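Asker: If you read the sequences in order, they're chains E and X.
Read in order, the letters of the first sequence are residues 7 to 348 in my numbering.
Read in order, the letters of the second sequence are residues 7 to 348 in my numbering.
Protein chains: 2
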Amino acid sequence: MEKRQATIKDVAVAAGVSFKTVSRVLNQEPNVRQELQDRVRAAAAALGYVPNIAARDLAGGRSFLIGLMFDNPSEAYIGQAQTGAITRCRETGHLLIVEPLDSADDTQRTLDSILSHLRVDGLILTPPVCDNPMVLEAIERAGVRYVRIGPDRDLDRAPFVAMDDVAAACDLTRHLLDLGHRDIGFIKGHPDHGATSRRLEGFLRAMTEAGLTVAPERIQPGAFSFESGMEAAETLLSGPSRPTAIFASNDDMALGVMSAASRAGFSVPGDLSVAGFDDSPAAQMAWPQLTTIRQPVAAMSAAAVDMLVEARAPGRVREPIANRWLGYQLIARGSTAPPKRP
Amino acid sequence: MEKRQATIKDVAVAAGVSFKTVSRVLNQEPNVRQELQDRVRAAAAALGYVPNIAARDLAGGRSFLIGLMFDNPSEAYIGQAQTGAITRCRETGHLLIVEPLDSADDTQRTLDSILSHLRVDGLILTPPVCDNPMVLEAIERAGVRYVRIGPDRDLDRAPFVAMDDVAAACDLTRHLLDLGHRDIGFIKGHPDHGATSRRLEGFLRAMTEAGLTVAPERIQPGAFSFESGMEAAETLLSGPSRPTAIFASNDDMALGVMSAASRAGFSVPGDLSVAGFDDSPAAQMAWPQLTTIRQPVAAMSAAAVDMLVEARAPGRVREPIANRWLGYQLIARGSTAPPKRP
DNA sequence: ATGAAAGCGCTAACAC
DNA sequence: GTGTTAGCGCTTTCAT
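1) Thinking just about the alpha-carbon of each residue, which of E:P326, E:I92, E:H187, E:G149 is nearest to the one in E:L121?
2) Taking CB distances under 7 Å as the criterion, tell me whether E:A122 reaches chain X.
3) Does the beta carbon of X:L64 come closer than 7 Å to any beta carbon on chain E?
4) With the cut-off set at 7 Å, would you say X:D127 and X:R330 are in Cβ contact?
5) Could you give the first and the last residue of the continuous alpha helix (DSSP H) run that contains X:Q40?
6) Quick check: is the beta carbon of X:T98 nearer than 7 Å to any beta carbon in chain E?
7) Given a limit of 9 Å on CB to CB distance, which residues of the segment 190-216 of chain X reach chain E?
8) Sort out for me which residues DSSP pairs E:D284 with in a bridge.
9) For E:V304, collect the residues of the same chain with a Cβ closer than 6 Å to its Cβ; drop the 5 residues on either side in sequence, then sort them by chain order.
10) Can you tell me which of X:N78, X:N37, X:D16 puts its alpha carbon nearest to the alpha carbon of X:A51?
11) Applying the 10 Å Cβ sphere with the 16-neighbour rule, what's the burial state of X:L161?
12) Of all the beta strand (DSSP E) runs that stay within the bounds of the segment 164-224 of chain X, which reach a length of 3 or more residues?
13) Do you know how far the Cα of X:I59 is from the Cα of E:S286?
14) Please return the same chain residues whose Cβ sits closer than 7 Å to the Cβ of X:L336, not counting the five positions on each side in sequence.
15) In the DSSP assignment, what are the bridge partners of X:S279?
16) How about X:P348: is its C-beta nearer than 7 Å to some C-beta of chain E?
17) Going by DSSP, what residues sit across from X:M75 in a beta bridge?
18) Check whether chain E comes within 7 Å of X:T89, counting only Cβ atoms and requiring the distance to be less than that.
19) Within 10 angstroms of the Cβ of E:M291, are there 16 or more other Cβ atoms? Answer buried if so, exposed if not.
20) So E:L121 is in the alpha helix (DSSP H); what residue range does that whole segment cover?
21) Does X:P227 get closer than 7 Å to chain E when you measure Cβ to Cβ?
22) Within its chain, find whatever has a CB closer than 8 Å to the CB of E:A338; leave out the 5 residues flanking it on each side and keep chain order.
23) Using DSSP with H/G/I as helix, E/B as strand and the rest coil, what is X:R154?
24) Is X:G282 near X:A289, with beta carbons less than 7 Å apart?
25) Which chain E residues are close to X:I14, counting only those with a beta carbon under 8 Å from its beta carbon?
26) Which of helix, strand or coil does DSSP assign to E:I397?
27) Against chain X, with Cβ distances strictly below 7 Å, would E:A173 count as a contact?
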């Protein structure tokens with residue numbers, strides 16, 4: 007059988023101080039002499055002391071639990087989000103609770119029930135739940151603090167961590183420019199999504215910075231679907247002159263572009279370079295593989311944990327959490343190459 | 007701001023009893039008159055009372071946290087396991103904690119650290135961590151109760167929930183027999199895996215029950231890999247007489263069989279029926295789609311939660327947890343059909 | 001069958 | 001700077 011876990015009092019006795027001083031050291035509160043801090047830490051280490059979460063919760067109102075709420079069709083995305091969150095949680099002494107939501111049964115009652123039993127210091131929401139009004143309302147009603155990952159709407163409603171879509175689109179466009187492309191088509195995303203305008207903005211900025219102007223017909227509407235990418239590509243490739251590269255606002259549309267291109271007799275990347283966005287699993291299955299932008303999912307959820315934990319640090323006033331914009335990763339693969347005719 | 011959460015005392019006042027009686031009702035302890043039970047429950051419901059987990063933990067030593075530890079390459083498997091576990095956790099008032107392990111950094115120190123901070127009522131282990139000796143030792147050292155899902159080795163070491171491989175293999179064989187097959191080849195799995203012999207046993211049992219004898223050359227070795235399936239199929243299909251169906255001990259090998267068959271000029275299922283095991287994602291992507299056995303992953307993790315929760319029910323002596331064998335699902339798809347020549 | 005008292009391990013106010 | 005005194009909300013004794 008196990009020996010009884012050491013408590014804060016055991017540490018206090020071993021260090022020759024009052025147990026309150028131990029508490030101060032553990033919580034990094036000010037007003038403890040360096041010498042005592044060292045003694046306390048040494049004693050804690052020697053005893054293998056681990057604070058009792060339940061007691062800290064009961065007395066201090068902090069559960070040291072972080073919740074991850076999701077309702078995402080992509081298992082891979084969830085896996086990355088969990089990994090990133092748990093890694094940071096371990097560093098901060100928190101535990102990660104998962105709360106998968108099944109859009110089917112998410113009645114208001116179910117949500118309220120889940121939330122009333124949930125006792126976390128903060129909740130992380132991934133897309134698309136992070137944009138679900140009913141969920142957000144339930145969480146706010148329950149008075150739980152939350153951080154959204156890559157939200158699409160209502161950016162002022164709550165703190166979030168997101169990828170810098172503008173910079174990423176800018177960078178991806180520069181990749182095409184560096185390859186030698188000058189005439190680049192762009193396919194917009196679904197108009198309801200916030201990312202749509204940000205990606206367009208990044209594209210235009212890079213083009214402008216390169217001293218290029220973009221003809222209006224080079225910018226086609228899309229809807230983030232394979233079909234919409236195909237249709238847009240047909241339009242872009244049918245005119246009297248055609249672009250040497252197409253930047254689709256996501257991978258699904260980029261795949262549609264590749265399909266339309268091959269049907270029209272153009273080879274990728276020989277006759278046409280194609281770039282996507284998201285690095286979805288399909289991006290690697292396509293042939294040639296898609297050049298795209300990968301979201302830093304693990305880093306985003308890790309950052310979300312940080313934001314939540316910091317917001318509840320001892321002696322912290324309840325001030326608003328600042329949003330964070332994280333870097334992305336440009337994945338250059340086979341679907342982009344220098345244009346044949348300069 | 008939120009109103010203060012109702013406590014057990016509020017419920018007691020509302021119900022006109024002592025708060026200890028409320029505690030008894032909530033914990034389903036004996037010795038409370040039915041009338042009082044009803045009154046307490048009504049009061050609790052009216053106040054929207056939810057027990058404080060931290061307080062229960064501190065006083066009673068139960069955290070109402072269940073941990074799910076995994077290190078599994080298959081995101082889909084993990085997703086199902088999580089869904090099944092969380093569903094049951096919600097019913098029992100528990101929270102689910104995830105502990106992904108990264109085989110790379112699982113030093114003994116890391117494991118001990120993780121486990122010392124983990125404060126759960128029980129741990130669920132999925133394959134392959136559930137067969138990792140270092141992990142099991144660390145958990146036992148930490149004195150944490152655990153249940154394994156689909157373990158492969160050391161079945162007596164700790165309670166587990168598993169699929170009945172023998173029955174499933176038996177059933178899948180019967181499916182082939184019912185289709186009219188009499189000469190069936192079998193490809194064994196990797197010799198190190200416990201499932202290997204169980205699946206063979208099920209196959210042989212069904213054949214025997216059908217009054218058939220199996221020639222030794224109809225049973226080929228394999229290693230659960232695509233290549234080993236291919237090689238085994240080449241052997242099975244090259245002899246003077248060939249089976250009309252092949253039962254591979256997992257999907258990867260079944261896919262190898264299909265590949266070898268088409269290379270040898272046999273069509274599936276026209277000339278040869280092929281059955282696999284596992285219902286891996288690839289089983290649906292193949293053409294024709296694979297007839298196979300699906301493991302009840304979600305049901306298994308739900309059962310694991312049950313076993314853990316029941317073991318800690320109030321007034322429960324610490325008696326051993328009984329293992330559970332769960333049903334499987336036979337997924338009949340296009341790769342199996344009646345034989346051409348009877 | 002019910003209630004009263006004690007205390008789980010810690011943090012939050014206060015003292016000194 | 002450091003220690004003391006109260007609880008947090010519940011379960012556990014132990015009375016009755």
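Glycine residues also receive a C-beta, built at the ideal position from the N, C-alpha and C atoms.
Since the model is a prediction, treat every value here as computed from it, not as a measurement.
Answerer: Quick answer:
1) E:G149
2) The residue you asked about is not Ala; residue 122 of chain E is Ser in the sequence shown. Judged by the 7 Å Cβ criterion, E:S122 is in contact with chain X.
3) yes
4) no
5) 40-53
6) no
7) none
8) E:R300
9) Note on identity: in this sequence residue 304 of chain E is Ala, with Val being the wrong assignment. Around E:A304: Q86, T89, G90.
10) X:D16
11) exposed
12) 166-169, 190-193
13) 40 Å
14) D177, L178, H181, I299
15) X:A251
16) Residue placement at X:P348 cannot be trusted, given a pLDDT of 49 that sits under 50; what the coordinates show is reported in the next sentence. False, the Cβ-Cβ gap to chain E never drops below 7 Å.
17) X:E105, X:L131
18) yes
19) exposed
20) 114-123
21) no
22) H181, T297
23) strand
24) yes
25) Under the 8 Å cutoff, chain E gives no residues; its nearest Cβ is about 13 Å from X:I14.
26) Residue 397 of chain E falls outside the range modelled here, since chain E spans only 7 to 348, and no answer is possible.
27) no
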